[in-house]
Every structure is written in C-alpha cells, then in structure tokens.
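A.B. asks: Residue numbers (the working numbering): 17 to 739. Pasting a structure here, questions to come.
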Amino acid sequence: MELELKRLDVLYAEQSNPGTLALFEPGKSRQQRVVLGDSKGLVQCFGVRKTEAVSIFKSLPLNQNITSLTVGNGEGQRDKAYIACDQTVRGMNKKGKEFFRFATNLTERINKVIVDGQHMWLAGEYNFNQYLDCKDRHFYMAPDRINAMELAHVFGEEPQVALGCQDRCLRVLNQKEVYYEIATDGPVSALAANPKRLTRVKQGAKPEATEMLLGTANGQIGQVLMDPESIRRGWMVPSEGSGDGVTALGCASDFTGDGLPDIIVGRSNGAVQIWGMDEAHQPKKVLSESVSESVLSLDTGFVCTPDSPDVVLQTYSGRVVTFTNSPYVYQSESSSVGRSGGASSQIDSLRSEIGELKTRLYSEQTRAETMAVDAPIVSGNVTQVRHSFLLDEENSGKYVLTLEAPVPLFGLALQSDTAVQLLDSEGAAIVSHSPPDIASGSMCLATYRCQESTNRIEVHMEVIEGQHGTLQCFPIPAQAPKTCHVVQCQLKPLCLHCRVDLPPGDKIPLNELKVSGGFEMGDIHSWIAAVLPEVTYRAPSAAEGVMHFRSTLLDTHLTCNYRAGSASFLSNSISALAILREAISREASSSKIRVSINYSLNHESVGHVMGLLWPRLVSQRDLVRKVEVMEALQELRIQDGDVSYMSDEHRKDLQNAEELRKTLRAQPRRLEYLIGVVKDLYIDWNKLNGGGGSSYKKVPLLEEMLWNPNTNKDEVVNFIMTN
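Shown next, in the form of structure tokens:
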C-alpha cells in the first residue's frame, strides 16, 4: 500500500531547536492547533483554515532560546504547553496566558521536558531529574550525553523513563536506578513510545509488551520490546545512506488504516517517511517525501482537516510544513489550471506580500552594504550553524561533514592541518582546491561555491588514521553582511573506529598493549578520549572502564580495559596499538605523568589482518586497472564496431564503463591508501618486534610487490614476517 499526501507549507517562523513543536487536543471543530517555539523565545499557536495559517496567539519574545516544548500528558493538560528555556519551565494555556513558572536549580540547560499531572521529567546534557509538585524527587547522571527521553509504561502505576544516549545505549530508569540497559547499533538520537499496547508482535514476544521506537544518528530505526521481566530488540531497519540520521520520530496516528499507529520518521537530510507494517509484521515504507533541510520536530494529528490525520513538522530554519489529504489542497492545485475568483485574489495577495518583502530585503541589504568599514558588526547572518561530522560506517574510511544554516549559503571554505581527501559528491556546488601550505600548517584548503540557493551543504571526505588535527569550516551566507561562524571538527588518531557493544570472538588472534603508571582513572580515560571517537571526556563513575571498537576500514577489533594505574588494550591490528602507544605517550608527557608501556605480540595476527585487507586491495587494484584500459577499449569499439573478438571480461567492462568510472571517482585514492596501510603494518610490526630502522629501507620493495597483480597474499605476509 502506497500513501499519497500533499505537501502544504503553512508558516515561516524563526530558527528552531529539536522538539519544539506540539499539537493541542482537538477542540469543538475537531481540528488541532499547532504550538511551537523558536530560538528567540517566542511561542505562537495557530490553526489551519483551508490552506492558510490562522494565528491564535503570539507571546512576547523571552530573548531566551526555547530548547523544548511539549503538551501535558495528564488529565486536563492536553491543551496546555510547557516550555523549557535554559533552567526554567513555563506553562502556557491555549489562549497564550502563562499560568505556571518553575525556576529549577539545575546547572545544565534543559533539553527535554515531559509533564504528566504533578510529575515533571527534565533531561539536560548528562543529567536527568524528576520532580513532584516542583520538588526534586529523583536524579540520575548518564555516562554519556542524553539525546532523547520518553516515558515507558513497563510496570506499576508510575511510568518509567527511557533515555537514548550518545554511547549507543538505551537506558530505562525506574525512579533513579537503571532498570534496563540495551545496546543499539548507533547513538540514539530520537525516541517514540507506542501509545497503544501491541496487538501484533513478533513470535515469542508477550502481548503485554511495551513498544519503544528508536532512531539513531547513523540512520537506523528500530524497535525495543519491554515487559516487567525482560527487554529485547525487535526489528531493525538499516540506514539508507550517508547523512540520513534520524532527528525526529512519531507514532500516534494510523495512516494506513490497519488499526495500529504508523511510524513517522524525520531525518537530517530532510527526508520525511511513513512506515506501516506488512503481513510478516515487519516495517514497510509507504510514503517518502523531502523538505530539503533538517526535520527537527514532528507530530501527527488532525490539523488541516478533521477527517484524516496529517503530518506536521518544523525544519531547522523554522519552516512549518504539513503533509495532508485535505481537499482544500487539491482544490488549490486544480484552481491553478482553471483559476477561480477566490484563488485569483489569493494569488494577488501573495504577489503583493512578496513585493513588500522584496522591498524590505533590498532596503536592508543596501543599509548593510553601506555600513562603515571600521564599524563593528554586532551580529552576522550565520550566528548559529547546525553541523555534524560523522563516520560513514557503511563506506569504510569516509567521513560526512554536514553544515546547515537558517539562511541561504553562498559557499563554504575548508581548512585542515591534517591531510584529508575531499571526494566528489552529488550537489550543486563548484569545488576549488588550493595546494597545501606546509609552512602555515594547512594540509587541505578548499572552497565550495553554491550554484543554487541552499541552506545545507554536505561534504564527503576520506581521512587517514594515525594523524590528528582540526578541520575548520567557514560557512559564508549569501546575504550581506557576509560574516561567518567558524565550525571546528576534531580528527582523532583512530578516527576510523566506531563503538560496538560486543567483544571480538575467541578465535581472533589478539595483540596486547599494557600501560601502567601513576595516573588516575580520569587521566587514562581522557587519553583514550583523545585517541578514539565516540568517547565522552567525562570519566566513568565505576572503578573500571571497558569499551569495544571496530575498524570500519579493516573490520579489526579493539578492546580497552582500564582503571587507575593500569590499562590493557587488545587488538588484532598491530597498527592500531602502535597509534595508541604514540598517542598515549604524547598525552602522558603533556600531563607530566610517567608511564610504562609493554607489548605482547601474536604472530598470527599479521596473516589474519592481511586476510581481511587483501580482498579489498585486490578489488581496488583491479578497478584501477580496468579504468586505465577503458579508453583504449572504447577506441577499439569505435574503430572496429564489432567487439566479439574481445574477451568476456573486456566486453563486460565496456558495458559497465560509466559505473566503473563513477566508483573510482567516489574513492580515487583508495588503492594508495590501502597500500599505505600494508606498509604501516610492516613498519609497525618490525618496530614493535624489536626491529630497527632498517625496515624503512625495504618499504619500496614491498610497495612494488603490492602494485604487482601477480603477487599473492602469502608472499606479502612472508615478506612482513621475515624482513
């Protein structure tokens, strides 16, 4: 079943934050009103009449950033909005009057608020608090950032709280204690609870189970089932591509008519999706639309019509969009062919409004451009930039940088003090590269100029492990004054590793790196955080810390066990341990702490790692060779016409010529990088195995072997072990 909903742009508000849009309960007209808050502290409520927004109320700006807005869950609270600004929670009724204000004693900014009767749940960056009658009742400090919070009715009269955390974990709290904890395949970025008990579940799940839906920063959506006795994972939908992190989830309306609420997903790349369930009780996508910028908030209800539910959402720039079956939207579309008098007057009104806006825009641009050169610029257009710098786990060795501004962008300038390889990506931007300036420490200089009006730029790049540095981004607005907000992204030495929840198998040959010295738990944890991604700089409260990582490039594993005074690192990759050794030595020296570092090497690990690396190297080497001879093959086809005399392999390559070139353009230096990984493995093995600097002299011979298509894996392993 495929759904068809029409898009309707309802309102243009100010820049917003995640989770700042909600719907009041239906009134007498059975239609629901939308209430939203923005970054300037303004709260407004509106309804939709036909295809136009009708304002109900607008508050005065609080001059504070609204970070959360929700409607109460308790009896008589569904027509009241609760707004969080900094450390204060305010209540506002459906007429816009403030009836409640609670100034907490929290030190963190409130990022999420939930109200049910006299109970109030607040989540900051790391801290969770529960209040009863505005009195502090429970407190919990999460080991990593809290990205999402939702109520979970698992047992008892009082609901439990589910926290989605950055460390790829979903935690369910009963009061202030962790009742359940389950690992996820990515940092949890959004949560939604099914308001109804499950009536159709997977085989083996209990009918009374509570369903919690989650979305991750790497684009996955999944199901977690909970009952008083256990917690378990249900279905999981993998990511559809890079840059599609889940930013908003909803599960309150039935669009497919099967009696169960459907799943509404908003993503960071602007995608809006509705997922229903098929006959096998697995999720099936029934609608996919795009709004071209990050979806930060969404809800479902009867907004445009009382007869069928709508999806209403708010983007990063503040645009409010609905997807609806309202007949007025269809009438508006049909009137564009045979224009009625009402539609004509509406178009004339819009044209008049656009003319006024253009006049105001020209006046402001002229005033800004004629400002004195030495006059201080109080505020630029790009005062806040939403950005992410994420490892693409599906494409080994690649990072995706995404920048989004509330205004159109003219372009982007990039500067890095470590080498990165910028990749071709689909998009309307012209890329200009400058040669590296080693004297000034700039190993990468590039500019992106947008050809079309866009608020969002996405850059793909390959990075090299072993180096650390800073990538600086300068998004330039299209409007004057062209002041930009500098964004800095850190590249860590083991940046191609991602967190996993399970240790490596018993059959994997592991090498061990042991570190001992007079360091505290906080010291060793901060050293690890400086080397590996997805590690918070807050040390764990337990006496011992354990973390597992996987290399997205080689599929090797790394386990960190550490406590005050000692640490052990296990990996089947010698190179990962060598990078760790160098980084920890550097961090310990800067902290003026003496440490002792020892190795225990497993000779089987070299052959094991080469077994993981060799198929990728051979595949990339064959790809380069095919593209190199492609031009000659195409000339022969043009001259001869008949290619039947060619081998089956060459004829197949001719048929797939464009696809082969596209694959190589997406990773132009991957073969050189993989050969460099083998050379590093050779140098690290000999260095840690007691060899001197003589191994560097034989690197050219090893490189020649790797470029030779007749060389096999065993010959390379033998060269590494015996030289």
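For every residue, glycine included, the Cβ atom is placed at its ideal position computed from N, Cα and C. Just so it is clear, the structure is predicted and the values come from calculations on it, not from any experiment.
State yes or no: is the C-beta of Leu628 within less than 7 Å of the C-beta of Leu569?
C.D. replies: Start at 1 with the first residue of the sequence shown, and residue 628 comes out as number 612. Start at 1 with the first residue of the sequence shown, and residue 569 comes out as number 553. No, these two residues do not count as a Cβ contact at 7 Å.
A.B. asks: Leaving out five residues before and five after Asn618 in sequence, what residues of the same chain have Cβ atoms less than 7 Å from its Cβ?
C.D. replies: Taking the first residue of the sequence shown as 1, we reach residue 618 at position 602. Result list for Asn618: Pro525, Leu526 and Asn527, in chain order.
A.B. asks: Looking only at C-alpha atoms, which of Glu41, Gly534, Glu560 and Leu510 sits nearest to Ala268?
C.D. replies: For the purposes of this step, residue 268 is taken as the residue at position 252 of the sequence shown. Residue Glu41 is the option with its Cα nearest to Ala268.
A.B. asks: Using DSSP with H/G/I as helix, E/B as strand and the rest coil, what is Val307?
C.D. replies: Taking the first residue of the sequence shown as 1, we reach residue 307 at position 291. Three-state result, Val307: coil.
A.B. asks: With Asp278 as the anchor, note down where its beta strand (DSSP E) starts and where it stops.
C.D. replies: Position 262 of the sequence shown, counted from the start, is the residue given in the question as residue 278. Taken as a continuous stretch (DSSP letters only), Asp278 belongs to no beta strand (DSSP E), as it is neither H nor E.
A.B. asks: Using the C-alpha atoms, what's the distance from Ile609 back to Gln134?
C.D. replies: Residue mapping note: residue 134 aligns to position 118 of the sequence shown, counting from 1. Residue mapping note: residue 609 aligns to position 593 of the sequence shown, counting from 1. Going by the C-alpha atoms only, they are around 51 Å apart.
A.B. asks: Tell me the residue span of the alpha helix (DSSP H) that contains His541.
C.D. replies: What you label residue 541 is simply residue 525 of the sequence shown in a count that begins at 1. Note, His541: alpha helix (DSSP H), Met537 to Val547.
A.B. asks: With distance defined between alpha-carbon atoms, name the residue in Leu649, Ile699 and Gly334 nearest to Lys668.
C.D. replies: Residue numbering aside, residue 668 sits at position 652 when the sequence shown is read from its first letter. Looking at the Cα atoms, Leu649 is the closest of the given residues.
A.B. asks: For the stretch 623-686, which segments carrying the alpha helix (DSSP H) assignment without a break, of at least 4 residues, lie completely within its bounds, in sequence order?
C.D. replies: For the stretch 623-686, whole alpha helix (DSSP H) runs of length 4 or above, ordered along the chain, are 664-671 and 673-682.
A.B. asks: Under the assumption that Phe144 contacts Leu189 (Cβ atoms under 8 Å), give the Cβ distance between them as a whole number of angstroms.
C.D. replies: Mapped onto the sequence shown, residue 144 falls at position 128. Mapped onto the sequence shown, residue 189 falls at position 173. With a Cβ gap of about 7 Å, Phe144 and Leu189 count as contacting.
A.B. asks: Give the list of continuous alpha helix (DSSP H) stretches no shorter than 4 residues that lie fully inside the stretch 54-104.
C.D. replies: You should have found no qualifying run.
A.B. asks: Following the continuous alpha helix (DSSP H) through Met737, name the residue where it begins and the one where it ends.
C.D. replies: Indexing the sequence shown from 1 puts residue 737 at position 721. Segment Lys729 to Thr738, the alpha helix (DSSP H) holding Met737.
A.B. asks: Between Leu680, Gly623, Ser255 and Glu305, which has its C-alpha nearest Phe735's C-alpha?
C.D. replies: Stepping through the sequence shown from its first residue, residue 735 is reached at position 719. Answer by Cα proximity: Gly623.
A.B. asks: Express the C-alpha separation of Ala209 and Phe171 in angstroms, rounding to a whole number.
C.D. replies: For the purposes of this step, residue 171 is identified with residue 155 of the sequence shown, where counting begins at 1. For the purposes of this step, residue 209 is identified with residue 193 of the sequence shown, where counting begins at 1. Rounded to the nearest angstrom, the two C-alpha atoms are 15 Å apart.
A.B. asks: Would you mind sorting Ser356 into buried or exposed? The rule is 16 or more other CB atoms within 10 Å of its CB.
C.D. replies: Position 340 of the sequence shown, counted from the start, is the residue given in the question as residue 356. Confidence is the limiting factor: at Ser356 the pLDDT is only 49, short of 50, which leaves the residue's position unreliable and the question unanswerable from this model.
A.B. asks: Are the beta-carbon atoms belonging to Ala139 and Met157 less than 7 Å from one another?
C.D. replies: Start at 1 with the first residue of the sequence shown, and residue 139 comes out as number 123. Start at 1 with the first residue of the sequence shown, and residue 157 comes out as number 141. It is not a contact, given that the beta carbons lie outside the stated cut-off.
A.B. asks: By alpha-carbon positions, which one of Asp294, Arg161 and Cys320 ends up nearest to Val70?
C.D. replies: The sequence position of residue 70 within the sequence shown is 54, counting from 1. Of Asp294, Arg161 and Cys320, the residue nearest in Cα terms is Cys320.
A.B. asks: For Gly112, which residues of its own chain have a beta-carbon under 8 Å away from its beta-carbon, when the five flanking residues on both sides are left out?
C.D. replies: Counting from 1 along the sequence shown, the entry for residue 112 is found at position 96. Hits under 8 Å: Val59, Cys61, Ile72, Phe73, Lys74 and Ser75.
A.B. asks: Taking the alpha carbon of Asn726 as the reference point, which residue from Trp251, Asp638 and Arg335 has its own alpha carbon closest?
C.D. replies: Residue numbering aside, residue 726 sits at position 710 when the sequence shown is read from its first letter. Minimum Cα distance to Asn726 is reached at Asp638.
A.B. asks: Are Gly261 and Ala287 close, meaning C-beta to C-beta below 7 Å?
C.D. replies: As a working note, residue 261 is residue 245 in the sequence shown. As a working note, residue 287 is residue 271 in the sequence shown. Their beta carbons are not under 7 Å apart, which means Gly261 does not touch Ala287 by this criterion.
A.B. asks: According to the Cβ coordinates, are Gly231 and Leu265 closer than 7 Å?
C.D. replies: Along the sequence shown, one-based indexing puts residue 231 at 215. Along the sequence shown, one-based indexing puts residue 265 at 249. Going by C-beta atoms, Gly231 is nearer than 7 Å to Leu265.
A.B. asks: Run through the DSSP bridge pairs and tell me what Lys301 is partnered with.
C.D. replies: In the sequence shown, counting from the first residue as 1, residue 301 sits at position 285. Answer by DSSP bridge pairing, in chain order: Trp291.
A.B. asks: With distance defined between alpha-carbon atoms, name the residue in Gly88, Tyr661, Ala673 and Thr263 nearest to Met740.
C.D. replies: Because the chain is modelled from 17 through 739, residue 740 falls outside the range shown and cannot be assessed.
A.B. asks: Tell me whether Gly35 sits in a helix, a strand or coil according to DSSP, three-state version.
C.D. replies: For this step, residue 35 is matched to residue 19 along the sequence shown. It is coil, neither helix nor strand.
A.B. asks: Determine the contact status of Leu510 and Tyr615, defining contact as a CB-CB distance below 7 Å.
C.D. replies: Residue numbering aside, residue 510 sits at position 494 when the sequence shown is read from its first letter. Residue numbering aside, residue 615 sits at position 599 when the sequence shown is read from its first letter. The answer is no: Cβ separation not under 7 Å.
A.B. asks: Which value, in whole angstroms, describes the spacing of the CA atoms of Gly482 and Glu245?
C.D. replies: Start at 1 with the first residue of the sequence shown, and residue 482 comes out as number 466. Start at 1 with the first residue of the sequence shown, and residue 245 comes out as number 229. Cα to Cα, the separation comes out at about 45 Å.
A.B. asks: Is DSSP giving Thr120 helix, strand or coil here?
C.D. replies: Along the sequence shown, one-based indexing puts residue 120 at 104. Coil.
A.B. asks: Work out the CA separation of Thr499 and Ala388 for me, nearest whole Å.
C.D. replies: Within the sequence shown, residue 388 is the residue found at index 372, counting from 1. Within the sequence shown, residue 499 is the residue found at index 483, counting from 1. For Ala388, the predicted structure reports a pLDDT of 45, less than 50, and the residue's modelled location is therefore unreliable. The matter cannot be settled from this model.
A.B. asks: I'd like the list of long-range same chain contacts for Leu186, defined as Cβ closer than 7 Å, with 5 residues on each side in sequence excluded.
C.D. replies: Along the sequence shown, one-based indexing puts residue 186 at 170. Hits under 7 Å: Ala178, Gly180, Ile198, Thr200, Val204, Leu230 and Val240.
A.B. asks: Starting from the Cα of Pro422, find the closest Cα among Ser469, Ser587 and Tyr344 and give me that residue.
C.D. replies: To locate residue 422, count along the sequence shown from 1; it is residue 406. The candidate whose alpha carbon is nearest that of Pro422 is Ser469.
A.B. asks: Give me the Cα-Cα distance between Glu227 and Arg283, rounded to the nearest whole angstrom.
C.D. replies: Position 211 of the sequence shown, counted from the first residue, corresponds to residue 227. Position 267 of the sequence shown, counted from the first residue, corresponds to residue 283. About 21 Å.
A.B. asks: Between which residues of its own chain and Val475 is the CB-CB distance below 6 Å, once the five residues before and five after are set aside?
C.D. replies: Within the sequence shown, numbered from 1, the residue matching residue 475 stands at position 459. Correct list, in chain order: Leu417.
A.B. asks: If you run the structure through DSSP and keep just helix, strand and coil, what is Met721?
C.D. replies: Here residue 721 corresponds to residue number 705 of the sequence shown, with the count starting at 1. It is helical.
A.B. asks: Could you check where the beta strand (DSSP E) with Ile237 kicks off and where it finishes?
C.D. replies: For the purposes of this step, residue 237 is taken as residue 221 along the sequence shown, with counting starting at 1. Looking at the DSSP string, the run of the beta strand (DSSP E) that includes Ile237 is Ile237 to Met242.
A.B. asks: Should Arg65 go down as buried or exposed, given a rule of 16 or more other Cβ atoms within 10 Å for buried?
C.D. replies: If you number the sequence shown from 1, residue 65 lands on position 49. With fewer than 16 Cβ atoms within 10 Å of its Cβ, Arg65 is classed as exposed.
A.B. asks: Would DSSP call Gly172 helix, strand or coil?
C.D. replies: Your numbering for residue 172 matches position 156 in the sequence shown. Gly172 falls in the coil class under three-state DSSP.
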